[in-house]
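Peer 1:
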Amino acid sequence: MTLGEDTLMTLRDVESLRQRVHSWRKAGLSVAVVPTMGALHRGHIHLMERAQAIADRVIATIFVNPTQFGPNEDFASYPRQEARDLEMLEKAHVHALFAPTPGVMYPPGFATSIHVGGLTDVLCGPLRPGHFDGVATVVTKLLMQTQPDMALFGEKDFQQLAVIKRAVADLNIPVDVLGVPTVREADGLAMSSRNAYLTESERAVAPTLYRAISAVAHSISQGASPILVIDQAKAQILAAGFRSIDYVEARHAETLALLQPGETHGRVLAAAYLGRARLIDNVAIG
Ligand code: AMP
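Mind the numbering: the sequence shown is residues 14 to 299 in this note's numbering, read in order.
And the structure:
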């Protein structure tokens with residue numbers, strides 16, 4: 014590491030981000046970016062570590078993106094804890110943090126939106142209108158601002174990963190998009206910043222979602238018909254104490270088309286409310 018690079022630097026504007034990446038590039042170093050909304054946990058840090066393993070320099074971004082939240086969603090209450098995040102990033106030896114303000118990302122007059130068709134017509138798409146447009150637009154911006162060699166995203170947000178891969182391919186953005194498997198708590202619950210919303214008793218119930226979709230995935234891989242086993246899983250999730258279920262579905266991993274009876278490979282994806290937390294999770298079939 015060269016002088017001045019042994020501590021994490023925080024960049025707030027696009028110009029200083031560009032200069033930093035440019036100087037690394039000139040030195041022949043490869044650059045990976047890991048976009049986040051902060052409130053970091055071990056899942057995020059695992060992404061940083063994967064990035065460290067494949068690139069010379071790692072940039073984390075933290076931006077709670079207003080355009081991907083619906084009017085009745087949790088933008089205002091989304092956990093924000095930059096000082097703690099900074100400590101975690103420093104410990105993980107991340108080289109730079111890009112943490113722009115909303116004004117940097119959406120200056121007055123901003124009027125562009127990226128819409129990825131098809132993949133956003135299912136699962137969370139119709140339930141969170143505008144969400145994936147907000148995600149695709151902000152991720153496209155972060156990639157154009159950073160111009161990294163690689164960008165890493167969690168499989169935890171499986172539909173998001175598919176949408177980003179599609180946008181990057183369609184827009185010929187010169188970056189390798191890499192998916193990283195979901196990091197879980199010891200009892201199977203997928204780590205998420207939104208787990209902070211769970212009360213103690215809800216937290217005890219939360220792993221039921223993962224257990225139920227894992228059972229669905231196993232049964233389908235053995236040839237069971239999706240409809241039957243999904244109905245059983247939904248009943249199990251509600252009986253455990255979840256308030257409501259947005260979906261439990263078995264789909265193809267790339268196209269997100271529904272799996273047909275007899276198909277034994279794909280993904281089970283689920284979203285359900287536990288108290289005020291909307292939990293999402295997914296597992297591979299086969
Ligand atoms: P977020 O801060 O929730 O927007 O997440 C930032 C990135 O971390 C996204 O690519 C997520 O998919 C990823 N991520 C979130 N939770 C996990 C997890 N439990 N395991 C792996 N990656 C995750």
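Every residue, glycine too, gets a C-beta built ideally from N, C-alpha and C.
#1: Taking 6 Å as the limit, name every residue whose beta carbon sits nearer than that to some heavy atom of ligand 1, in sequence order.
#2: Threshold first: 4 residues or longer. Then list the alpha helix (DSSP H) segments lying entirely within the stretch 122–199, N to C.
#3: Are there 16 or more other CB atoms within 10 angstroms of the CB of residue 240, so buried, or fewer, so exposed?
#4: Helix, strand or coil, according to DSSP, for residue 248 in the structure here?
#5: Near residue 60, which residues of its chain fall below 7 Å by C-beta distance, leaving aside the five closest residues on each side in sequence?
#6: Measuring straight from C-alpha to C-alpha, what distance separates residue 288 and residue 260?
#7: Nearest-angstrom Cα distance between residue 27 and residue 117?
#8: For ligand 2, any of its heavy atoms closer than 7 Å to the Cβ of residue 211?
#9: Along the alpha helix (DSSP H) that carries residue 66, what are the first and last residues, could you check?
#10: Could you check whether residue 71 and residue 107 sit closer than 8 Å to each other, using their CB atoms as the reference points?
#11: Which whole-angstrom value describes the C-beta separation of residue 263 and residue 275, a residue pair presumed to lie in contact below a C-beta threshold of 8 Å?
#12: If you follow the beta strand (DSSP E) that residue 279 is part of, which residue opens it and which one closes it?
#13: Give me the residue from 190, 92, 174 and 125 with the minimum Cα distance to residue 132.
#14: Hey, residue 285 and residue 255: beta-carbon distance below 8 Å or not?
#15: With three or more C-beta pairs closer than 8 Å as the rule, is the stretch 70–87 touching the stretch 143–160?
#16: Is there contact between the stretch 61–69 and the stretch 87–94, where contact requires at least three CB pairs shorter than 8 Å?
#17: Going by other Cβ atoms of all chains shown within 10 Å of its Cβ, with 16 needed for buried, is residue 222 buried or exposed?
#18: In chain order, what residues of the same chain have a beta carbon less than 8 Å from the beta carbon of residue 136, not counting five sequence neighbours either side?
#19: State the Cα-Cα distance for the pair residue 191 and residue 45, rounded to the nearest angstrom.
#20: Would you report the Cα separation of residue 198 and residue 213, rounded to the nearest angstrom?
Peer 2: On the basis of the data shown:
#1: Listed by position in the chain, the residues whose beta carbon lies within less than 6 Å of some heavy atom of ligand 1 are 49, 50, 56, 57, 59, 60, 166, 167, 169, 170, 193, 195, 196, 203, 204, 205 and 206.
#2: Segments of the alpha helix (DSSP H) lying fully in the stretch 122–199: 137–140, 144–159 and 171–183.
#3: The residue labelled residue 240 in the question sits at position 227 within the sequence shown. Exposed, since its Cβ has fewer than 16 Cβ neighbours within 10 Å.
#4: Here residue 248 is taken as the residue at index 235 of the sequence shown, counted from 1. Residue 248 carries a helical assignment under DSSP once its states are collapsed to helix, strand and coil.
#5: Residue numbering aside, residue 60 sits at position 47 when the sequence shown is read from its first letter. Within the same chain, residue 60 has close Cβ partners 47, 165, 167 and 193.
#6: Stepping through the sequence shown from its first residue, residue 288 is reached at position 275. Stepping through the sequence shown from its first residue, residue 260 is reached at position 247. Their Cα atoms are separated by approximately 16 Å.
#7: Counting from 1 along the sequence shown, the entry for residue 27 is found at position 14. Counting from 1 along the sequence shown, the entry for residue 117 is found at position 104. Whole-angstrom Cα-Cα distance: 8 Å.
#8: As far as ligands go, the structure on display features ligand 1 and does not contain ligand 2.
#9: Taking the first residue of the sequence shown as 1, we reach residue 66 at position 53. From DSSP, the alpha helix (DSSP H) with residue 66 extends over 55–67.
#10: The sequence position of residue 107 within the sequence shown is 94, counting from 1. The sequence position of residue 71 within the sequence shown is 58, counting from 1. Against a cut-off of 8 Å, the Cβ pair of residue 71 and residue 107 comes out as a contact.
#11: By one-based count along the sequence shown, residue 263 stands at place 250. By one-based count along the sequence shown, residue 275 stands at place 262. Not really, about 12 Å apart at Cβ, beyond 8 Å.
#12: Mapped onto the sequence shown, residue 279 falls at position 266. Note, residue 279: beta strand (DSSP E), 279–287.
#13: Mapped onto the sequence shown, residue 132 falls at position 119. Each of 190, 92, 174 and 125 was checked against the Cα of residue 132, and the nearest Cα belongs to 174.
#14: Locating residue 285 in the sequence shown gives position 272, counting from the first residue. Locating residue 255 in the sequence shown gives position 242, counting from the first residue. In this structure, the beta-carbon distance from residue 285 to residue 255 falls below 8 Å.
#15: Yes: at least three Cβ pairs fall under 8 Å.
#16: Verdict: no, contact absent.
#17: Counting from 1 along the sequence shown, the entry for residue 222 is found at position 209. When all chains shown are included, residue 222 counts as buried.
#18: Along the sequence shown, read from residue 1 onward, the residue named residue 136 stands at position 123. Cβ contact annotation for residue 136 (same chain, cutoff 8 Å, sequence separation greater than five): 172, 260, 262, 264, 269, 282 and 284, in chain order.
#19: For the purposes of this step, residue 191 is taken as residue 178 along the sequence shown, with counting starting at 1. For the purposes of this step, residue 45 is taken as residue 32 along the sequence shown, with counting starting at 1. One alpha carbon belongs to residue 191, the other to residue 45, and they sit about 10 Å apart.
#20: Walking along the sequence shown from the start, residue 198 turns up at place 185. Walking along the sequence shown from the start, residue 213 turns up at place 200. Taking the straight line joining both Cα atoms gives about 15 Å.
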